[in-house]
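Novice:
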Amino acid sequence: MADTMLTIDARGEACPIPVVRTLKALGALAGPGAVETLVDNEIAVQNLTRMGEGKGCAVTSERLGEKEWRVTVITTVALGVSDAEAESATCEVPAPGAAAEGPAPRRVVVAITSECMGTGDDVLGRKLMGSFVYSLTQLDELPATVLFYNGGAHLSCEGSPALEDLRGLAASGVEVLTCGTCLDHYGIADTLAVGEVTNMYVIAQRLTGASLVVRP
Amino acid sequence: MARVRVPSLVVTFPTTAAAMSCEECCERRGLGGRMIPVPGEVAAGCGLAWKTAPEAREELAAALAADGVPVDAMTVIELLEFR
Numbered sequence: 003m004a005d006t007m008l009t010i011d012a013r014g015e016a017c018p019i020p021v022v023r024t025l026k027a028l029g030a031l032a033g034p035g036a037v038e039t040l041v042d043n044e045i046a047v048q049n050l051t052r053m054g055e056g057k058g059c060a061v062t063s064e065r066l067g068e069k070e071w072r073v074t075v076i077t078t079v080a081l082g083v084s085d086a087e088a089e090s091a092t093c094e095v096p097a098p099g100a101a102a103e104g105p106a107p108r109r110v111v112v113a114i115t116s117e118c119m120g121t122g123d124d125v126l127g128r129k130l131m132g133s134f135v136y137s138l139t140q141l142d143e144l145p146a147t148v149l150f151y152n153g154g155a156h157l158s159c160e161g162s163p164a165l166e167d168l169r170g171l172a173a174s175g176v177e178v179l180t181c182g183t184c185l186d187h188y189g190i191a192d193t194l195a196v197g198e199v200t201n202m203y204v205i206a207q208r209l210t211g212a213s214l215v216v217r218p
Numbered sequence: 116m117a118r119v120r121v122p123s124l125v126v127t128f129p130t131t132a133a134a135m136s137c138e139e140c141c142e143r144r145g146l147g148g149r150m151i152p153v154p155g156e157v158a159a160g161c162g163l164a165w166k167t168a169p170e171a172r173e174e175l176a177a178a179l180a181a182d183g184v185p186v187d188a189m190t191v192i193e194l195l196e197f198r
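Protein sequences, first through last, are from chains A and P.
Every position in the first sequence, counted from 1, becomes a number in the working numbering once 2 is added.
Every position in the second sequence, counted from 1, becomes a number in the working numbering once 115 is added.
(1) Which residues, in order along the region 143 to 164 of chain P, keep a beta-carbon less than 7 Å from a beta-carbon of chain A?
(2) Between M135/P and chain A, is any beta-carbon pair separated by less than 8 Å?
(3) Please say whether A171/P and G145/P have beta carbons closer to each other than 8 Å?
(4) Compare the C-alpha of R72/A against each of L157/A, A32/A, V37/A and R217/A and name the closest.
(5) Just the Cα atoms here: how many angstroms apart are A4/A and V47/A?
(6) Please report the distance separating the alpha-carbon of R65/A from that of R217/A.
(7) Kindly say whether M116/P, judged by its beta-carbon, lies nearer than 8 Å to any beta-carbon of chain A.
(8) Could you give the residue range of the alpha helix (DSSP H) that holds P152/P?
(9) Pull up the CB-CB distance for L179/A and L149/A, whole angstroms please, since I reckon it's below 8 Å.
(10) Using beta carbons (cut-off 8 Å, strictly below), is L179/P in contact with chain A?
(11) Is A173/A close to chain P? Criterion is C-beta to C-beta, closer than 8 Å.
(12) What's the gap between the Cα of V157/P and the Cα of T6/A?
(13) Quick check: is the beta carbon of T139/A nearer than 8 Å to any beta carbon in chain P?
(14) Output the residue ranges of the alpha helix (DSSP H) runs that lie fully inside the region 19 to 45 of chain A and measure 4 residues or longer, sorted by chain position.
(15) Can you have a look at P129/P and say buried or exposed, based on whether 16 or more other CB atoms are within 10 angstroms of its CB?
(16) Got a sec? Which residues, its chain only, sit under 8 Å from L50/A by beta carbon, not counting five neighbours each side?
As C-alpha cells, then:
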C-alpha cells in the first residue's frame, strides 16, 4: 500500500504536460508513495508508463471510460526530480500526426564504465576521461543522459575531478545516473555527489532507448 | 542553468608531460585553473591545455618559468561555462 497518494487531473492536456506534472508530483512525494494521473488519451498512458518505468517505479493503468484512463505510478523510494528535469520531459510516443512535423530528436546517452579513457597508462587515462567530460560541456547539443557504472561510478562521487562539469550538466537538464550496485560494490554509496542512483532496469532502458550510445 | 561564453586563458604545451607538469605546478602553488583538451580555436590536433582566468597570465607564466615547464602559447578565447 502506498504511503502517500497524490492525484492529478490531466484530462484535456496534451503531452508532455501530463508527464511533466506527474514527474513533479513524484518529486514532491519526497519518499515512498504514489501518483495517480487521470488522462484522456492512450498516448498519454503510454508516455506516463514509460516515464514511470524509466524511474524504476511500478506502473499500472486502468481504463475508466471511453476517453478516461487512470495511470498510477508507485515509488518505494524518494525520487529526486528537479524542476528542470520535469520541465524538459518529452514524450517518447508521439501524438498522432506528430511524425509529420519532422524526425524525432536524437537521444544521446553517454556510458562511462571506467575512471580511465582507453588503456595503456592509467594516469593519462584519467586525464583523458576528465577532458572528455569537460568536452561534453562544450557541445552544442548536450547528451540526454550520462550513465556511470562499474569503475565509472567513482567519477560521480566526492573527490572526482569531473564533479564540477557533471554538476553543470545536471543543472542544465542532463540526466546523470550512477549504478547503485556499483556504488555498493566499491563502498562509495555515501559519497555520490551528483545525479541519482539507478538500477540495471533503468540502465537497460536508457541504453536501448538511445538513438546513439557513446562509450569513451 | 545557462551556459555562457567566458573569456579564458588557454595555455598550450609542447608535450602532454609538460601539461601534466603545469597541473602539478599550479596545484602545489595554489594557482587556479584546470586541464582541458586543446580547443580547436587554439590549435589543431590533439593535446591537453591549461585553462584559467585571463588575469592570471603573469603569475602563471612566472610560476611555469620558475619550475621549468615549457609553454607553447598563451591565448585568450571564449569558452562555455555554466552560470
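Backbone N, C-alpha and C define an ideal beta-carbon position, used for all residues, glycine too.
In this text, all values refer to a predicted model and were calculated from it rather than measured experimentally.
Specialist: The answer reads as follows:
(1) Interface annotation for the region 143 to 164 of chain P against chain A: M150, I151, P152 and L163, criterion Cβ-Cβ distance under 7 Å.
(2) With 8 Å as the cut-off, M135/P counts as an interface residue toward chain A.
(3) The answer is no: Cβ separation not under 8 Å.
(4) Nearest of L157/A, A32/A, V37/A and R217/A to R72/A, Cα basis: V37/A.
(5) For A4/A, the pLDDT reaches just 48, beneath the cut-off of 50, and the residue's location in the model is therefore unreliable, leaving the point undetermined.
(6) Straight-line spacing of the CA atoms in R65/A and R217/A works out to 41 Å.
(7) At a cut-off of 8 Å between C-beta atoms, M116/P counts as an interface residue with respect to chain A.
(8) P152/P: not part of any alpha helix (DSSP H); member of the beta strand (DSSP E) spanning R149 to P152, first to last residue.
(9) So it is a contact: roughly 5 Å between Cβ atoms.
(10) Taking CB atoms only, L179/P has no neighbour in chain A less than 8 Å away.
(11) For A173/A, the answer is yes, since a Cβ of chain P falls inside 8 Å of its Cβ.
(12) When rounded, the distance between both Cα atoms is 56 Å.
(13) Under the Cβ distance rule, T139/A counts among the residues neighbouring chain P, one pair being separated by less than 8 Å.
(14) Taken in chain order, the whole alpha helix (DSSP H) runs of length 4 or more contained in the region 19 to 45 of chain A are 19 to 31.
(15) Burial call: exposed.
(16) Cβ neighbours of L50/A beyond the five flanking positions: P20, V21, T24, T39, V41, V61, S63, V73 and V75.
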